[in-house]
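There are 2 protein chains.
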Amino acid sequence: MRLFEDVASQVDDPFFARALLLAEKGRGATAPNPLVGCVIVRDGAIVGEGFHPRAGQPHAEVFALRDAGAHATDAEVYVTLEPCSHEGKTPPCTAALIDAGVRKVHIGMHDPNPIARGGADVLREAGIEVAFAPDPEPFAKLNSGWLKRLAVGLPQVVAKVGASVDGHLSFAPGERASITGSSGARVTRRLRAAADAVVVGAATVIADDPALTVRDTDGLLAHRQPLRIVLVRHHVPAPSARVFTDNAAPTLVLAAEGAPEAQLSALPVGVEVERFSAGEGFEAALRALARRGLSDILVECGPTLLTVLVRKHLFDELVVVTAGGMAGASAPPLFLGEPQCSGDTLVHDLAPLEAGIVGDVSITVWGPARGGSDPAA
Amino acid sequence: MRLFEDVASQVDDPFFARALLLAEKGRGATAPNPLVGCVIVRDGAIVGEGFHPRAGQPHAEVFALRDAGAHATDAEVYVTLEPCSHEGKTPPCTAALIDAGVRKVHIGMHDPNPIARGGADVLREAGIEVAFAPDPEPFAKLNSGWLKRLAVGLPQVVAKVGASVDGHLSFAPGERASITGSSGARVTRRLRAAADAVVVGAATVIADDPALTVRDTDGLLAHRQPLRIVLVRHHVPAPSARVFTDNAAPTLVLAAEGAPEAQLSALPVGVEVERFSAGEGFEAALRALARRGLSDILVECGPTLLTVLVRKHLFDELVVVTAGGMAGASAPPLFLGEPQCSGDTLVHDLAPLEAGIVGDVSITVWGPARGGSDPAA
């Protein structure tokens, strides 16, 4: 997910644009399923709309057909992802579309999911006209995390770090610090709301004791909360930490083999603990999350996690939230690794994807650079 | 000057927008004069255009009147700044407009310069209709440096710093480092081209030996070069430094009282040396530059200059150019001052003005925060 990008504005067709906007309403809530939006059009006017709100609920097409009622007969359908043709938790959407008597189905992109794909062929065999969008790219962006998980068995990882202008995320190591203020908190809420799970290192829980919840502007808990995940290697946070005791959302502890068992077993009932191989590192932990059907992971980084994610190329987007102040030369470093240089030239292995301002903070989103760096002129 | 802003787009009137675009053509070359653009319109069509190209050359109105020729009679004139009414290096523009027989003059904003203002009244007395633009703001932005110098006797200071994502501008103190690469060099060229003078500290000359020139994409020197200024406190760069020997542009050494005289007098003939009171600090040096008629100063900062400018509130815009790489925890700090915190909260005394991407670098422009900081939520 991009902070400043609107995929709906990237399609020319207004019905597809509306379907993309509808799909976005499910953001953060549909795992392990993709986001899907659907509109039904007759005589040039929208007669039905729907989106997939969360796993176990009906698919977007079903909501849109219900909304359209008898108007669906002979109508054209715009759906962001190929309708499924398999019986899962809900009946196949292809059957629903055929039963409703629609005339034509416009599809944003093919469904690559091996158990669900083939819906377009089923529709064609039933005599329904099928057309794919000329450019699948905006529809793929909508579900970039889900598509990555299907393709490589890893979730999409958005790493977030807050820093001062001079590149520090606190004033002293291991101490609680509020660097990015209320504007930074707004950005964090938005990123959490879009994530299936929020990961922090144990050091962050020990220093800051965050709740890791999504709250509205009045401070009320949002209906849907991402899974909270605490990564433990050597130190286990106290059982009294908010993520273990506030019951605001489920919490999972991902513990590297060798993490202290006595402290892990002292955690409150209801806190799930899963082990991953320490030798395989954080990638093994991410694979475990993908196996749970989690597609979009937000990692709220301290310096240790940031260094691992950047050095091991385990992130898709790095969101740097910069606050307008200086933390001073004695503040601890943001990045703990070795310099990334070639002679006297900094190697640019991150490329800026987008930049913007939210309130009083500046945001740059970086991705892995493709095709090498841009050396000095 | 903003990197991502277009003042011409901020006026509704297309003739004023064109006049603003014309004025921009003089950017960097008009000191001690302001930028001015002018268009002459008859029967709804532009019949003459002009801008002030540099001090000593005719003003924008004169070029536009020459361009219009006989079409100026009974025409309407759009000029970004009130026409001057005084005899300076060139005759007053009010006389030229009256002689040409124009019918109406639209003026972007009043001229606050005590020796040149009052042009609107002179035109009215001659029977010419005068109208001011409804919003002077875009016209003031065009000449923000010049207006600041007239108002407070200080130039507008744009501080530029290049850094890695983890907030370092080099790998080791005092060593040459290319952090921001060719995209950073493009940004620097653009900032230099818009400046009347480019300031660096002696440490930068000693470590990097920069030419501080404006070159085109083929590496050829631009026709107009900003004044190069080296700030000296304790250490004087070698007389063989490029800024002292390449004859590409004039170079001024601003030396604090107490700087080593023997080394200053060893500098090549043609390098001007001006003293400023060390006790008054960098502000005294800036006042000296304003007295020379320099309105727009670019400071290419190392950590010492950046720390002084931020701590003494001596900058108007801080351009942070961030390259997509990590310099590592052992790299020297960007900012040398004490932490800027209130309890465990970073004080935000910089506010983001604009953010964007140029090639493979990200840019945030910060200004002094007005009305306090934004504490943690």
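These protein sequence lines are chains A and B, in that order.
In terms of the numbering used here, the first sequence has 906 at position 315, counting the first letter as 1, and numbering is strictly consecutive.
In terms of the numbering used here, the second sequence has 725 at position 134, counting the first letter as 1, and numbering is strictly consecutive.
The beta-carbon is built from N, C-alpha and C at its ideal position, and this holds for glycine as well.
This structure is a prediction, so every number in the text was calculated from the model and none was measured.
Give me the Cα-Cα distance between residue i and residue j, rounded to the nearest whole angstrom.
i, j, result
"V864 of chain A", "F873 of chain A", "16 Å"
"D965 of chain B", "E678 of chain B", "With a pLDDT of only 43 at D965 of chain B, under the threshold of 50, the placement of this residue in the model should not be trusted; the figure read from the coordinates follows. Going by the C-alpha atoms only, they are around 50 Å apart."
"T795 of chain A", "A846 of chain A", "15 Å"
"C629 of chain B", "G884 of chain B", "23 Å"
"H650 of chain B", "G641 of chain B", "8 Å"
"R767 of chain A", "D799 of chain A", "5 Å"
"A946 of chain B", "L714 of chain B", "42 Å"
"G772 of chain B", "A666 of chain A", "55 Å"
"P682 of chain A", "G619 of chain A", "23 Å"
"V746 of chain A", "A942 of chain B", "In the sequence on display, residue 746 of chain A carries Pro and not Val. Looking at the two C-alpha atoms, the distance is approximately 35 Å."
"L858 of chain A", "A869 of chain A", "21 Å"
"G718 of chain A", "G710 of chain A", "13 Å"
"D887 of chain B", "L733 of chain B", "12 Å"
"P923 of chain B", "P930 of chain B", "16 Å"
"V823 of chain B", "F867 of chain B", "10 Å"
"H662 of chain A", "L611 of chain A", "22 Å"
"P851 of chain A", "H826 of chain A", "7 Å"
"R971 of chain A", "A839 of chain A", "No statement about residue 971 of chain A is possible, as the shown extent of chain A runs from 592 to 968 and does not include it."
"V778 of chain A", "Q601 of chain B", "29 Å"
"F762 of chain B", "G758 of chain A", "14 Å"
"P841 of chain A", "L594 of chain A", "26 Å"
"H939 of chain A", "S933 of chain A", "10 Å"
"S676 of chain B", "H701 of chain B", "12 Å"
Where does residue i sit, in a helix, a strand or coil, going by DSSP?
i, result
"S769 of chain A", "strand"
"A967 of chain A", "Annotation note: pLDDT 38 at A967 of chain A (below 50); position unreliable, no value reported."
"V864 of chain A", "strand"
"R593 of chain A", "coil"
"L812 of chain A", "strand"
"V713 of chain B", "helix"
"H662 of chain B", "helix"
"P605 of chain B", "helix"
"R806 of chain B", "strand"
"A982 of chain B", "With chain B running from 592 to 968 in the structure shown, residue 982 of chain B is simply not present."
"I698 of chain A", "strand"
"A646 of chain B", "coil"
"H622 of chain A", "Residue identity check: residue 622 of chain A is Ala in the sequence provided, not His. Residue state, collapsed to three classes: coil."
"A636 of chain A", "strand"
"F654 of chain B", "helix"
"E615 of chain A", "helix"
"A832 of chain A", "coil"
"S600 of chain A", "helix"
"V796 of chain A", "helix"
"I689 of chain B", "helix"
"C675 of chain B", "coil"
DSSP has residue i in a bridge; who is on the other side?
i, result
"C629 of chain A", "A:G641 and A:V670"
"T842 of chain B", "B:R819"
"G958 of chain B", "B:A942"
"A539 of chain A", "Here chain A comprises residues numbered 592 to 968, so residue 539 of chain A is not present and cannot be evaluated."
Please determine, among the options, the residue with the shortest C-alpha to C-alpha distance to residue i.
i, options, result
"S774 of chain B", "B:V860, B:D951 and B:V632", "B:D951"
"H904 of chain B", "B:A960, B:H643, B:T842 and B:V791", "B:A960"
"S856 of chain A", "A:N734, A:V956 and A:F835", "A:F835"
"A881 of chain A", "A:L612, A:P623 and A:V598", "A:P623"
"E891 of chain A", "A:L858, A:V670, A:L760 and A:R815", "A:L760"
"L803 of chain B", "B:L782, B:P764 and B:D604", "B:L782"
"S735 of chain A", "A:A659, A:V911 and A:L672", "A:L672"
"A786 of chain A", "A:P625, A:R708 and A:A610", "A:P625"
"V910 of chain B", "B:G647, B:A754, B:A879 and B:A763", "B:A754"
"L927 of chain A", "A:A687, A:E908, A:V901 and A:G660", "A:V901"
"D726 of chain A", "A:L612, A:H697, A:A918 and A:Q816", "A:H697"
"T808 of chain B", "B:R780, B:P801, B:V899 and B:L741", "B:R780"
"A614 of chain B", "B:D712, B:R708, B:V670 and B:Q601", "B:V670"
"G692 of chain B", "B:D702, B:L656, B:I706 and B:G893", "B:L656"
"D907 of chain B", "B:L889, B:A686 and B:I706", "B:L889"
"V844 of chain B", "B:L877, B:L812 and B:L925", "B:L877"
"V653 of chain B", "B:R633, B:I637 and B:P674", "B:P674"
"H814 of chain A", "A:R645, A:G893, A:C684 and A:S769", "A:R645"
**Request:** With 7 Å as the C-beta to C-beta threshold (strictly closer), list the residues of the stretch 880-910 of chain B near chain D in chain order.
**Result:** Chain labels in this structure do not include chain D; the protein chains are A and B.
**Request:** Ignoring anything shorter than 4 residues or poking outside the stretch 873-956 of chain A, list the alpha helix (DSSP H) runs there in chain order.
**Result:** Taken in chain order, the complete alpha helix (DSSP H) segments of 4 residues or longer contained in the stretch 873-956 of chain A are 873-882 and 894-902.
**Prompt:** Which parts of the stretch 719-792 of chain B are runs of the beta strand (DSSP E), unbroken and 3 residues or longer, counting only runs that do not cross its ends?
**Reply:** 720-723, 747-755 and 788-792
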